[in-house]
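K.L.:
So in the numbering used here the end of the sequence shown lands on 431, straight run, no missing numbers. Positions of the beta carbon are idealized from the N, C-alpha and C atoms, including for glycine. Quick one: this structure, given as structure tokens, is what I'll be asking you about.
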Amino acid sequence: MMKITAVGGYKAVGRNMTGVSVGKETVAIDNGIRLDTLQMYDPDEVDVLAEKTVDELISMEIIPDMRRLKNVSAQVLSHGHLDHIGALSINRPRVPIISTHYTVDLCRKEYKEGNYYSMGYAEPHEISRDVSVEFFEVTHSIPFSSIVVLHTPEGDVIYASDFRLDNHSQIAKTDYKGLRRIASGNPRALIVESTRVWDEGKTSSESVVRSKLSDVMEFIDSGLIIATTFSTHVERIQAILDEAEKSGRTPLILGRSFSRQISIAEKFGILHLPPNAQVYATGKAVKRALSEIRNRDDYFLLVTGHQGEPESVISKIADGRLQFKLKKGDSAILCANTIPSPLNVATRYILETRLKSRGVRIFDNVHVSGHAAREDHRYLLNLLKPDHIVPCHGSLEMRTGYASLALEEGYEMNKNIHLLVNGGETEF
Ligand SMILES: [Zn+2]
Numbered sequence: 004m005m006k007i008t009a010v011g012g013y014k015a016v017g018r019n020m021t022g023v024s025v026g027k028e029t030v031a032i033d034n035g036i037r038l039d040t041l042q043m044y045d046p047d048e049v050d051v052l053a054e055k056t057v058d059e060l061i062s063m064e065i066i067p068d069m070r071r072l073k074n075v076s077a078q079v080l081s082h083g084h085l086d087h088i089g090a091l092s093i094n095r096p097r098v099p100i101i102s103t104h105y106t107v108d109l110c111r112k113e114y115k116e117g118n119y120y121s122m123g124y125a126e127p128h129e130i131s132r133d134v135s136v137e138f139f140e141v142t143h144s145i146p147f148s149s150i151v152v153l154h155t156p157e158g159d160v161i162y163a164s165d166f167r168l169d170n171h172s173q174i175a176k177t178d179y180k181g182l183r184r185i186a187s188g189n190p191r192a193l194i195v196e197s198t199r200v201w202d203e204g205k206t207s208s209e210s211v212v213r214s215k216l217s218d219v220m221e222f223i224d225s226g227l228i229i230a231t232t233f234s235t236h237v238e239r240i241q242a243i244l245d246e247a248e249k250s251g252r253t254p255l256i257l258g259r260s261f262s263r264q265i266s267i268a269e270k271f272g273i274l275h276l277p278p279n280a281q282v283y284a285t286g287k288a289v290k291r292a293l294s295e296i297r298n299r300d301d302y303f304l305l306v307t308g309h310q311g312e313p314e315s316v317i318s319k320i321a322d323g324r325l326q327f328k329l330k331k332g333d334s335a336i337l338c339a340n341t342i343p344s345p346l347n348v349a350t351r352y353i354l355e356t357r358l359k360s361r362g363v364r365i366f367d368n369v370h371v372s373g374h375a376a377r378e379d380h381r382y383l384l385n386l387l388k389p390d391h392i393v394p395c396h397g398s399l400e401m402r403t404g405y406a407s408l409a410l411e412e413g414y415e416m417n418k419n420i421h422l423l424v425n426g427g428e429t430e431f
């Protein structure tokens, strides 16, 4: 028998954690935070985490309750987004923490004292006598994302959260061949994200953002350009900086999270800054860099704040806190969607209203999602053909969407489709 425990991410998007138990042993997969809830309490995202106890953070629904898992032998991590790794520094697992080299580098910034083991793709690593883990490359919106496979005496457990199938990515490739190898063995269970399974069709490739972006850039001939995107989305940052370079402007990259992510991405050789690009992390340095701008037509700013977060650089510029004035004829390119939580909708609305009130032109939603849509999901399901399915990472409505897809493909509710809630478990 094998037991799957839903720890976090089985009620709303965020704070992901799933337990897989075989025999007396349990492997924890992911250890994330729920970012929108955290920001609701604390725009800086720091004080609440430092001041509240583990119990309080669990009851505030910010972190998963890891204590539900007994006899944990390893903590495995699928990729470096905070909703998958952000609770490490609070739950502080003492067992080996295993992921790809890049993800482990990101984790070290969150939780320094961890007992890390980093590894490459498609090379199994023994966790114990009975269980080993193997990572398969998959495309998503952060480099070195993985589909995690646990090899156990009861068969393989495949964990696919998060992914999209982008066959034109410039920095990643989905390992279809490796996944076919897993499918031809004993694929016992698929634990799979559900955030966009109600969206028909297939998620577009990142190459679509490249052409959207160059279309917008051709349209802008004067004024300051200020762009924002996800600091972890290295492929998109590269696309934005490539356009900045083509335009002949000087790129200024402003904000702490960009500076941190860029240094790791450069170390791994997956990001190449234009030679004249300048990066400023601290508030003081950002202010100084902005004060030196003379001719606005010569600059391209890449700044933090794609959701209009109040402490981000774009929000501080828009409300005048950095003593730099936006003017009529400047342009803002928002290379992100609004993540549909009430807080994000509100902060984005405030940001866009402030930008417009200063006469800034807004180019919104230069973006494609990092998550699989319905037909991507159907493709992966038919490729793997697992015995059992556990939809994860999503509200009940989202996970029901996955269940409806699985029903279409011949699976049966409560027989081999398992809808869980946080704290729930299933055995097969
Ligand atoms: Zn993700």
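(1) Are the CB atoms of I432 and V136 nearer to each other than 7 Å?
(2) Do you know how far the Cα of E295 is from the Cα of A53?
(3) May I ask which residues mark the beginning and end of the alpha helix (DSSP H) holding I265?
(4) In the DSSP output, what is S24 paired with across the bridge?
(5) Taking the DSSP output, what are the residues bridged to H391?
(6) In chain order, what residues of the same chain have a beta carbon less than 7 Å from the beta carbon of T177, not counting five sequence neighbours either side?
(7) Which complete beta strand (DSSP E) runs does the region 353-430 hold, if anything under 3 residues is left out?
(8) Which runs of the alpha helix (DSSP H), 4 residues or longer, sit entirely within the region 54-102?
(9) Straight-line CA distance for T2 to D390?
(10) By the DSSP assignment, the beta strand (DSSP E) with H154 in it spans what residues?
(11) Mind checking who T253 pairs with in its DSSP beta bridge?
(12) For E113, name the three-state secondary structure that DSSP assigns.
(13) How about R351 and Q310: do their beta carbons lie closer than 7 Å?
(14) Would you tell me roughly how many angstroms separate the C-alpha atoms of N385 and A406, rounded to the nearest one?
(15) How long is the line joining the alpha carbons of K287 and K328, rounded to whole angstroms?
(16) Let me have the residue list for ligand 2: C-beta closer than 5 Å to any non-hydrogen atom, ordered along the chain.
(17) Indicate whether N19 and D86 have their beta-carbon atoms separated by less than 7 Å.
(18) Roughly how many angstroms lie between the CA atoms of I174 and I265, to the nearest whole one?
(19) Where does E140 fall in DSSP's three states?
(20) Expressed to the nearest angstrom, what Euclidean distance is found between the alpha-carbon atoms of L358 and I145?
(21) When you compare the region 159-167 with the region 191-200, are there three or more beta-carbon pairs, one atom per stretch, that lie closer than 8 Å?
(22) Can you tell me whether DSSP reads G308 as helix, strand or coil?
(23) Excluding the 5 residues flanking Y114 on each side, which residues of the same chain have their C-beta closer than 6 Å to its C-beta?
(24) Where D37 and G12 are concerned, what is the direct C-alpha to C-alpha distance, given to the nearest angstrom?
(25) Please classify S252: is it buried, with 16 or more other beta-carbons within 10 angstroms of its beta-carbon, or exposed?
(26) Among R299, D300, S318 and E221, whose alpha-carbon lies nearest the alpha-carbon of V306?
(27) So what does DSSP say about A124, is it helix, strand or coil?
(28) What are the start and end residues of the beta strand (DSSP E) that includes V16?
(29) Closer than 7 Å by C-beta to V348: which residues in its own chain qualify, once you throw out the five before and the five after it? Chain order, please.
(30) Measuring CB atoms only, is the region 119-133 touching the region 101-111, in the sense that at least three cross pairs come out at less than 8 Å?
(31) Considering A292, what are the terminal residues of the alpha helix (DSSP H) in which it resides?
(32) What is the C-beta distance between V219 and R191, in whole angstroms, given that I count them as a contact (C-beta under 8 Å)?
(33) Alpha carbon to alpha carbon, what distance is there between S250 and L227?
(34) With DSSP as the reference, label S51 as helix, strand or coil.
(35) Can you tell me the Cβ-Cβ gap for L80 and L387, rounded? I've got them flagged as a contact below 8 Å.
(36) Sort out for me which residues DSSP pairs D159 with in a bridge.
P.N.:
Reading off the structure:
(1) Residue 432 is absent from the structure shown; the chain starts at 4 and stops at 431.
(2) 36 Å
(3) R259 to K270
(4) K6 and T29
(5) A192
(6) E140, V141, T142 and L168
(7) 364-366, 391-395 and 428-430
(8) 57-62, 85-88 and 91-94
(9) Since the first residue of the chain shown is 4 and the last is 431, residue 2 is not available in this structure.
(10) S148 to T155
(11) Y302
(12) helix
(13) yes
(14) 14 Å
(15) 17 Å
(16) Because ligand 2 does not appear in the structure shown, any question about it cannot be addressed here, the ligands present being ligand 1.
(17) yes
(18) 15 Å
(19) strand
(20) 28 Å
(21) yes
(22) coil
(23) L91 and S92
(24) Before going on, a small fix: residue 37 reads as Arg here, not Asp. The straight-line gap from Cα to Cα measures roughly 9 Å.
(25) Residue identity check: residue 252 is Arg in the sequence provided, not Ser. It counts as buried.
(26) S318
(27) Looking at the sequence itself, residue 124 is Tyr, so the reference to Ala does not match. Reduced to three states, the DSSP call for Y124 is coil.
(28) No beta strand (DSSP E) contains V16, which DSSP labels as neither H nor E.
(29) T341
(30) yes
(31) G286 to S294
(32) In fact, because the Cβ distance is near 47 Å, the residues do not count as touching under 8 Å.
(33) 12 Å
(34) First, the amino acid is wrong: residue 51 is Val here, not Ser. If DSSP states are grouped into helix, strand and coil, V51 belongs with the helices.
(35) With 8 Å as the limit, L80 and L387 do not qualify as a contact, their Cβ atoms being about 21 Å apart.
(36) H154 and P190
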